[in-house]
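Following: one structure in structure tokens, then a few remarks.
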Amino acid sequence: MSTNTPLFQEIKIGPLTASNRIALNAMECNDADNHGNPTDLTYERYKKAFRGGAGLVLMEAISVVDESRGRLNQLIGTPENQPALTELINTLRKENDKTILLIQLTHSGELSHSDFSRKVCVKPLPGYGGDLLTEEEVEEIIDKFVISAKVAYDAGADGVDVKLCHGYLGSQFCRPYNDRKWKYGGPFENRMRFAYEIYERIDKEINDPNFLVGSKISVWEGFPGGMGTAGPDTPVLDFEEIQKMCQGLEERGASYIIQSAGSPSITLALTQPEKSMPDYGYLHFTFQKVVRDALKPETVVIGSAYSIYSDGRIKFLATEKEKTTFEYWANKNISDGYVDMVALGRQSLADSELPIKMLEGRADEINWCSLCDNCLEFLIRQRPVACATYNKDYAKALVEMRREEGKLREKRT
Ligand SMILES: Cc1cc2nc3c(=O)[nH]c(=O)nc-3n(C[C@H](O)[C@H](O)[C@H](O)COP(=O)(O)O)c2cc1C
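Residue numbers (my numbering): 4 to 416.
Written out as structure tokens, the structure reads:
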């Protein structure tokens, strides 16, 4: 593996510099304590990630409120959590002070878990829904995003990612499906109001050009009325709005956009290409180009869904094996100008030290993601998440979890 490649060139993100083009994508691991503060498990995985030398680490979806969360043990970003967050960030900087550290801010909206949270929605999707938000409640949620951004700033993060993807609240506003007649729905300008106001308020209230703001967005959610569709009742792809939206975010200070796709609780294989149909991964290259084409050259585009390529162990038909690897596609897409950085999700749980292993010529030591998706199974079952393929404790936990689930199912039948 050569490191004299586009993947290992520096890149500027706003006024900051990432030392290489590899980003570790946001991966919520549901291992916070009962107050939403990091535990030893959280420390362990982020310390390892920072030792791994990625140019950028996007810290997982941290909830801006306690009351509406998707995960039982989700990290929370309210002022009460600031001391614990500061301590975590200080520790990570000691491991490696070069890696750019962003925190993803989210509100789960209709994906909040009704067992322990209040489900709220913009306009109920069939099978989802929750309490319909009022305009006053939306204003309060915008305040919470701004407060959490300040918490992240004061805790020492390099920036925040205002989450607009994967079906969480931010994306629920943006979709054409949100044709509700209110301040935050209907025409494009109204649907963007939530995201744009958060950006404008962060810019005004933090007012530090060194503090990065950006968003991870689903370029196409893949169901009628989802993001990237031509209207509220059609799944047909239409990128015009998505490009306009990216430009609107850029005008309001976005120094990067992370491309993603799908809404995992609905269109999982789109967000996380599966080994049984890896070719879905190629769609993301198009989505990356769509975002890249919309933005100024200095705004960084980070592509998602690169775990599927690994070391070529996943079989893609009609392609030479050496042209199916992470290294091949990451370098090619950067060279071709489709993307500036590439992000690893599941691979970062399998081995967050991939960048340093590549850099030091130890690529043969990389634990490549097997795309088993056991990590996702932990998440869905509200357990702490890790890679059960390479972590023996979690391999045991997986067996135990499945045994317990089996017993529960037996009881119910
Ligand atoms: C266990 C798990 C947790 C995730 N947590 C987040 C998250 O907190 N925020 C987010 O934007 N995406 C999250 N994702 C999606 C990933 O960041 C990424 O977009 C997706 O897995 C596709 O990339 P990959 O093919 O490299 O895994 C998660 C995915 C998994 C499997």
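Backbone N, C-alpha and C define an ideal beta-carbon position, used for all residues, glycine too.
Secondary structure of residue i, DSSP reduced to three states
i      : result
Tyr393 : coil
Met230 : coil
Lys219 : strand
Glu98  : helix
Pro358 : helix
Val303 : strand
Val125 : coil
Gly409 : helix
Ala264 : coil
Tyr187 : coil
Gln107 : strand
Val239 : strand
Tyr199 : helix
Asp134 : strand
Val60  : strand
Lys335 : helix
Lys278 : coil
Glu31  : coil
Arg384 : coil
His38  : coil
Lys399 : helix
Leu44  : helix
Asn370 : coil
Glu113 : helix
Leu320 : coil
Glu224 : coil
Ser71  : coil
Cα-Cα separation, residue i to residue j
i      : j      : result
Ile106 : Thr416 : 43 angstroms
Gln262 : Glu413 : 42 angstroms
Glu253 : Phe197 : 15 angstroms
Asp146 : Arg365 : 46 angstroms
Val60  : Leu78  : 16 angstroms
Phe355 : Gly340 : Phe is not the amino acid found at residue 355; the sequence shown has Ser there. The straight-line gap from Cα to Cα measures roughly 25 angstroms.
Pro238 : Phe226 : 5 angstroms
Asp417 : Glu363 : Absent from the structure is residue 417, since the part of the chain shown begins at 4 and ends at 416.
Asn334 : Lys186 : 43 angstroms
Met30  : Ser310 : 13 angstroms
Ile65  : Lys324 : 38 angstroms
Pro358 : Asp206 : 32 angstroms
Tyr285 : Phe148 : 33 angstroms
Ala57  : Met344 : 11 angstroms
Val402 : Cys372 : 19 angstroms
Asn84  : Thr322 : 49 angstroms
Arg194 : Glu244 : 11 angstroms
Ala257 : Asp376 : 32 angstroms
Ile16  : Ala158 : 20 angstroms
Leu428 : Gly173 : Residue 428 falls outside the range modelled here, since the chain spans only 4 to 416, and no answer is possible.
Gly189 : Gly170 : 18 angstroms
Tyr131 : Val222 : 21 angstroms
Thr8   : Tyr283 : 26 angstroms
Asn336 : Asp296 : 13 angstroms
Leu382 : His287 : 23 angstroms
Glu138 : Arg121 : 17 angstroms
Ser22  : Val303 : 14 angstroms
Gln246 : Val294 : 6 angstroms
Gly112 : Ser266 : 13 angstroms
Arg405 : Cys378 : 13 angstroms
Ala400 : Pro18  : 43 angstroms
Asn394 : Leu347 : 18 angstroms
Gly133 : Val67  : 18 angstroms
Gly409 : Ala272 : 25 angstroms
Phe214 : Arg255 : 13 angstroms
Ser218 : Ile260 : 5 angstroms
Phe176 : Phe191 : 10 angstroms
Ser307 : Ile25  : 11 angstroms
Gly162 : Glu63  : 13 angstroms
One or two residues paired with residue i in a DSSP bridge
i      : result
Ile14  : Ala21
Ala346 : Ala26
Val165 : Leu108
Ile490 : Because the chain in this structure spans residues 4 to 416, residue 490 falls outside the shown range and cannot be described.
Ala257 : Val216
Cβ-heavy atom distance, residue i to ligand 3, below 7 angstroms
i      : result
Ser310 : In the structure on display, ligand 3 does not appear, and the ligands it does have are ligand 1.
query: Counting pairs of beta carbons, one from the segment 111 to 118 and one from the segment 68 to 75, are three or more of them closer than 8 angstroms?
result: yes
Three CB pairs or more closer than 8 angstroms across the segment 176 to 195 and the segment 224 to 243: yes
query: Below 8 angstroms, can you find three or more Cβ-Cβ pairs linking the segment 305 to 325 to the segment 29 to 38?
result: no
task: Would you check if the segment 272 to 285 and the segment 239 to 252 touch, i.e. whether three or more CB-CB distances between them fall below 8 angstroms?
output: no
query: Are three or more beta carbon pairs between the segment 49 to 69 and the segment 80 to 98 nearer than 8 angstroms?
result: yes
query: Is there contact here, the segment 189 to 203 with the segment 142 to 156, by at least three beta-carbon pairs under 8 angstroms?
result: yes
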